[in-house]
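Here is the structure we will look at, set down as structure tokens.
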Amino acid sequence: MDKTLERIFPGMTDNECLKIISDILFYVYDNPDTDQAFATVTEPEEHQNFRITNPACKPVRVLSVDHCLFSDDSFKKCDFVLYDEAAFCFVELKAVHRDVHKKRKNAKRYAEKQLLATIELFRKELGNFGGRDLEAYLCVGYRTGRPSILSRSQRAKRDFVRLGVKLYDGCRKEFA
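Start counting the sequence shown at 0; every next residue gets the next number (this note's numbering).
Encoded structure:
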């Protein structure tokens with residue numbers, strides 16, 4: 000998959016958008032200085048982040064999409080992609096301070112659009128993603144301690160089901 004992505008997106012290697020991590024636990028957050036997804040083994044306390052557990056310590060790829068793979072703002076795109084040999088996951092992070100329902104709802108709708116646009120672009124280029132399970136995560140104001148659950152939004156589910164993608168609300172992923 001790495002070679003295929005490098006062929007499709009030549010800037011991926013030059014910009015160092017792809018990181019391979021085999022740690023049992025790591026986090027990804029939007030670096031406020033670069034607006035680019037950044038992976039770290041220590042939990043960033045002041046940033047909205049996504050927690051990845053990897054009990055088998057397998058290589059997990061973290062591909063920074065927004066402001067790395069694509070540096071322009073010409074279309075909506077998610078923050079980053081995670082993948083291994085079994086799963087391909089699209090993730091959008093949105094910080095929503097205080098649990099304000101309307102802010103979270105609006106942020107989720109915008110995040111859904113970003114995820115859908117990225118999934119459609121990757122599907123056009125990759126076809127069936129090498130048979131991997133497809134997942135999308137709306138990490139919108141949630142803490143990493145809260146388990147990710149399948150989204151209950153019927154409107155959003157319809158669009159993601161059409162693409163063969165499971166949509167989750169939450170900021171955690173465990174690779175088996």
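Where is the CB? At the ideal position from N, CA and C, for every residue including glycine.
| Query | Result |
| --- | --- |
| A85 lies in the alpha helix (DSSP H); which residues open and close that run? | Taken as a continuous stretch (DSSP letters only), A85 belongs to no alpha helix (DSSP H), as it is neither H nor E. |
| Are the CB atoms of C77 and V95 nearer to each other than 8 Å? | no |
| Can you tell me the Cα-Cα spacing of Y28 and V164, whole angstroms? | 22 Å |
| In whole angstroms, what separates the C-alpha of K57 from that of D32? | 30 Å |
| Taking S63 as the reference, which of S73, T117, A106 and K112 has the closest Cα? | T117 |
| Determine which residues share a DSSP beta bridge with R171 and list them. | R50 |
| Can you tell me which residues form a DSSP beta bridge with C16? | According to DSSP, which records beta bridges pairwise, C16 is partnered with nothing at all. |
| Going by CA-CA distance only, name the one from D132, S150, N30 and L68 that's closest to I7. | L68 |
| Please state the DSSP three-state secondary structure of E44. | coil |
| Taking the straight line between their C-alpha atoms, what separation do you get for F37 and N30? | 6 Å |
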